[in-house]
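Everything on this sheet refers to the single structure shown next.
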Amino acid sequence: MKAATRLAAAVAALALVGCGGGAAFRLTADDNDPAALAAALDRRELGGGMAPAATDGHARVFAVISGSPRRLLAHDLTEGRTTWSVDADVQSRVVVGGDFVAAVEGGAVVAREQASGAVRWRRPLDGTMLGLSADTERAYVVTRLGADGGGRYWLTALSGTSGEPVWSADANGQLGTPAAQGGLVFSPFLKQWLSVLDARTGAIVTRVRGVDQEISFVETTSDGAWFGSPQGVYRLDARAASGRRAESTFGQLTLPPQLAQARYAPDGYDAVQAGYSAADRAHILWRGDPRADGALAWLGGGYAVHYFRFVLGYDGDGQLRWAYSHPRVELVASEHAGTVLLGVGAGGEIVALDPVTGVVRHRGSLDHGGGQVLGATIDGDGWTPPGVADSSADTVAALVSIARDRDRRFEKVKELAIGALAKLPGGEVTADLLALLDDDRASDKIKDLVGDVLVARKDPGGLPALIAALGHQDDVVAETRTGPVGVLARAVGGLGDGLDATAQADATRALARHLEAPSIELGDLLDVVSALGAIGGVEAAARLQSHLLMYRVDPDLAASPEWCQAVVNAILRAGGDQGRETLRFVGADARTLPTLAAVAAAGALRRP
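For the sequence shown, my numbering begins at 1 and goes up steadily by one.
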């Protein structure tokens with residue numbers, strides 16, 4: 001008898017003798033029993049605090065490396081070294097047991113020794129694998145027999161020691177990837193139920209039925225269990241038996257719209273996400289505080305979002321606390337380990353960030369011998385890195401790196417980074433934003449946003465950078481060019497009369513040199529004129545009046561209603577009584593072109 005036939009026969013026999021069977025996944029059952037759920041969770045065997053799943057207490061990363069064949073390696077974070085690497089055609093996520101790891105390799109579930117990577121057992125699959133998980137003693141595999149969207153689903157427990165089937169439970173409807181912890185198995189069913197099974201026998205213990213939200217994932221940490229959907233997270237405690245958000249320990253994070261695709265966990269019903277996928281690169285890094293009652297509390301008072309190359313840290317109200325930009329390549333895996341946020345880069349880099357400050361607490365590397373890291377499983381709960389790699393988190397540099405990234409896939413997160421920069425004071429931030437305006441690789445949309453941000457910031461500390469940018473001329477030898485004069489003028493003008501006398505004089509001179517520039521476009525000129533009026537002062541008023549007198553007979557400017565109105569308004573704002581006298585003269589002088597004469601005369605009569 002072939003191995004696959006033996007597994008199918010064993011599954012059928014277990015179902016017949018009632019070892020779990022279909023009782024766990026009936027459409028009708030006693031759901032949402034608080035006493036039954038409390039009793040089940042009370043008997044759950046949890047350790048004394050945060051710790052890796054490995055029974056030897058070592059934190060590890062298990063990474064799949066590209067190539068022909070693929071390779072699977074283990075990197076021991078506790079020892080700071082890669083301990084083994086083996087050829088393995090891994091086609092699923094790697095799951096971590098007590099002293100073994102398991103994954104689908106080819107058409108079989110394969111368990112390997114954590115210490116060496118040697119094959120412990122191999123169990124051929126019967127049907128399509130949809131999910132895999134493990135606890136200290138067993139691996140749990142969800143399979144479907146029959147066509148996609150139909151057929152019969154099975155949840156089978158395999159001995160972590162031998163790979164022999166321990167029990168199996170079948171269902172007429174779709175099963176999601178389960179999670180197991182402390183003698184219990186939590187299995188999503190038809191996106192509405194979470195069945196709680198005895199991990200030793202497969203017998204149903206109790207069920208939670210979601211009333212106002214579907215159940216698309218379940219996850220365990222070393223100190224708790226959690227379930228939910230893209231709409232939010234429930235702590236699996238006695239209160240969860242209500243099935244309702246308002247009566248449960250429930251939490252929902254506020255994500256910026258640019259990061260809306262990030263998810264709390266992989267979708268347990270998506271066969272693609274049963275393996276490593278792009279979804280792992282848009283991941284919310286959260287950790288519920290198991291000590292909190294009532295509304296779900298987030299460990300550390302906040303959360304982070306891993307978005308491809310970037311990690312952004314937020315407080316509980318959704319305000320940005322810090323940002324991290326990973327050099328050159330994407331992070332393909334990330335995990336909130338309680339003490340740190342752990343990430344693994346496509347090039348084999350390992351980084352650990354402080355969840356609250358974003359400080360880099362550890363940098364390491366897989367000894368992977370080349371190739372690309374396709375995905376990784378991180379078993380690092382409670383791991384504390386030795387020392388601190390960087391003394392501070394450079395959030396400004398990270399945000400600038402995000403905003404200047406060449407990849408057009410990240411336009412939305414670039415907008416997010418620019419918006420965050422807008423809220424940070426300081427001349428260096430203004431200089432960084434100006435550099436974005438001068439970046440030929442930035443899209444017009446990004447440049448427009450940067451321009452709006454520069455105008456809206458109104459930070460006097462950025463004036464020197466703005467003045468320097470206004471001083472640039474087109475010069476091939478010096479590799480300088482005139483910047484976006486209109487944007488710069490609006491940004492300077494936005495500082496208004498809040499400048500001291502020295503800053504006011506510097507700003508006036510920087511703007512005034514563009515009044516007579518022969519190549520200036522009308523729109524930019526209007527912005528310069530308005531900015532001088534907003535800054536005010538004797539010198540600005542004099543420059544504006546001189547400009548008016550010089551061009552009052554110019555057939556291009558003096559015939560433009562926009563220019564006439566802008567220069568008259570600016571003089572009235574900055575020029576005081578002398579400015580009114582100038583307007584009266586221009587309005588009455590026969591040499592003034594008619595359009596300007598009418599606007600100037602009306603302006604002279606306008607009340608202060």
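We put the beta carbon where it would ideally sit given N, CA and C, even for glycine.
Note that the structure is a prediction, hence the values are computed from the model and not measured.
Between the CA atoms of residue j and residue i - distance to the nearest angstrom
| i | j | result |
| --- | --- | --- |
| Arg-361 | Ala-352 | 5 Å |
| Ser-229 | Arg-321 | 25 Å |
| Glu-219 | Gln-192 | 16 Å |
| Tyr-551 | Leu-544 | 11 Å |
| Val-96 | Gly-131 | 14 Å |
| Leu-14 | Gly-183 | Confidence at Leu-14 is low in this model, with a pLDDT of 41, below 50, so the placement of that residue should be treated as unreliable; the coordinate-derived value is given next. For Leu-14 and Gly-183, the distance between alpha carbons rounds to 19 Å. |
| Arg-584 | Val-553 | 16 Å |
| Trp-121 | Pro-178 | 21 Å |
| Val-64 | Glu-335 | 16 Å |
| Val-272 | Gly-98 | 26 Å |
| Pro-34 | Gly-345 | 43 Å |
| Glu-113 | Val-101 | 7 Å |
| Leu-454 | Ala-171 | 59 Å |
| Ala-626 | Thr-55 | Because the chain in this structure spans residues 1 to 608, residue 626 falls outside the shown range and cannot be described. |
| Ala-456 | Ala-420 | 13 Å |
| Asp-280 | Ser-401 | 22 Å |
| Lys-412 | Gln-258 | 5 Å |
For residue i, the three-state DSSP class (helix, strand or coil)
| i | result |
| --- | --- |
| Gly-224 | strand |
| Tyr-551 | helix |
| Ala-478 | Unreliable placement is indicated for Ala-478, whose pLDDT of 46 sits below 50; the coordinate value is still reported in the next sentence. Correct three-state label for Ala-478: coil. |
| Gln-545 | helix |
| Ser-242 | helix |
| Val-351 | strand |
| Thr-161 | coil |
| Ile-284 | strand |
| Pro-464 | helix |
| Pro-188 | strand |
| Ser-116 | coil |
| Pro-256 | coil |
| Thr-28 | coil |
| Val-359 | coil |
| Asp-315 | strand |
| Glu-219 | strand |
| Thr-206 | strand |
| Pro-34 | helix |
Sequence-distant residues of its chain with Cβ nearer than 6 Å to residue i (five each side left out)
| i | result |
| --- | --- |
| Ala-337 | Gly-380, Asp-381 and Trp-383 |
| Lys-445 | none |
| Gly-106 | Asp-89 |
| Asp-524 | Val-485 and Gly-486 |
| His-58 | Asp-76 and Thr-78 |
| Thr-582 | Gln-545 |
| Asp-527 | Gly-486, Ala-489 and Arg-490 |
| Thr-249 | Arg-235, Asp-237, Arg-239 and Leu-296 |
| Ala-36 | Thr-206 |
Cut-off 7 Å between Cβ atoms - residues of its own chain near residue i, not counting five sequence neighbours on either side
| i | result |
| --- | --- |
| Ser-365 | Gly-348, Glu-349 and Ile-350 |
| Pro-561 | Thr-595 |
| Arg-244 | Val-211 and Asp-212 |
| Arg-404 | Leu-436 and Asp-439 |
| Gln-181 | Arg-44, Asp-135, Thr-220 and Ala-225 |
| Ala-505 | Glu-539 |
| Ala-108 | Arg-122, Arg-123, Pro-124 and Leu-125 |
Range covered by the alpha helix (DSSP H) that runs through residue i
| i | result |
| --- | --- |
| Gln-565 | 561–574 |
| Glu-411 | 411–422 |
| Ser-401 | 395–403 |
| Thr-595 | 594–605 |
| Arg-408 | No alpha helix (DSSP H) contains Arg-408, which DSSP labels as neither H nor E. |
| Arg-509 | 501–512 |
| Thr-128 | First-last for Thr-128: 128–134, but that is the beta strand (DSSP E), not the alpha helix (DSSP H). |
| Arg-485 | The question names Arg, but residue 485 in the sequence shown is Val. It spans 485–493 - the alpha helix (DSSP H) in which Val-485 sits, taken as one unbroken run. |
| Val-528 | 522–535 |
| Leu-145 | From DSSP, Leu-145 is part of no alpha helix (DSSP H) but of the beta strand (DSSP E) over 138–145. |
Residue i, enclosing beta strand (DSSP E) - first and last residue
| i | result |
| --- | --- |
| Gln-181 | 179–181 |
| Glu-113 | 108–113 |
| Glu-105 | 100–105 |
| Tyr-377 | Strictly speaking, residue 377 in this sequence is Thr, with Tyr absent from that position. Element bounds for Thr-377: 373–379. |
Chain-order list of residues whose beta-carbon lies under 8 Å from that of residue i (same chain, five-residue window excluded)
| i | result |
| --- | --- |
| Pro-555 | Leu-593 |
| Ser-162 | Trp-121 |
(message) Check whether the segment 314–330 and the segment 263–278 are in contact - that is, three or more C-beta pairs closer than 8 Å.
(response) Contact fails: fewer than three Cβ-Cβ distances are below 8 Å.
(message) Any contact between the segment 229–239 and the segment 151–169? By contact I mean 3 or more CB pairs, one from each, below 8 Å.
(response) Cβ pair count under 8 Å is below three, so no.
(message) Would the segment 573–585 count as touching the segment 532–539 if we require 3 or more Cβ pairs under 8 Å?
(response) Touching, yes.
(request) Count the CB pairs spanning the segment 325–332 and the segment 427–442 that are closer than 8 Å, and state whether there are at least three. (result) Counting Cβ pairs under 8 Å, fewer than three are found: no touch.
(request) Take every Cβ of the segment 384–401, pair it with every Cβ of the segment 297–308, and state whether three or more of those distances are shorter than 8 Å. (result) Not touching, per the Cβ criterion.
(message) Contact between the segment 71–89 and the segment 136–148 is defined here as three or more beta-carbon pairs at a separation below 8 Å; is this criterion met?
(response) Inter-segment contact for the segment 71–89 and the segment 136–148 is absent: fewer than three beta-carbon pairs are separated by less than 8 Å.
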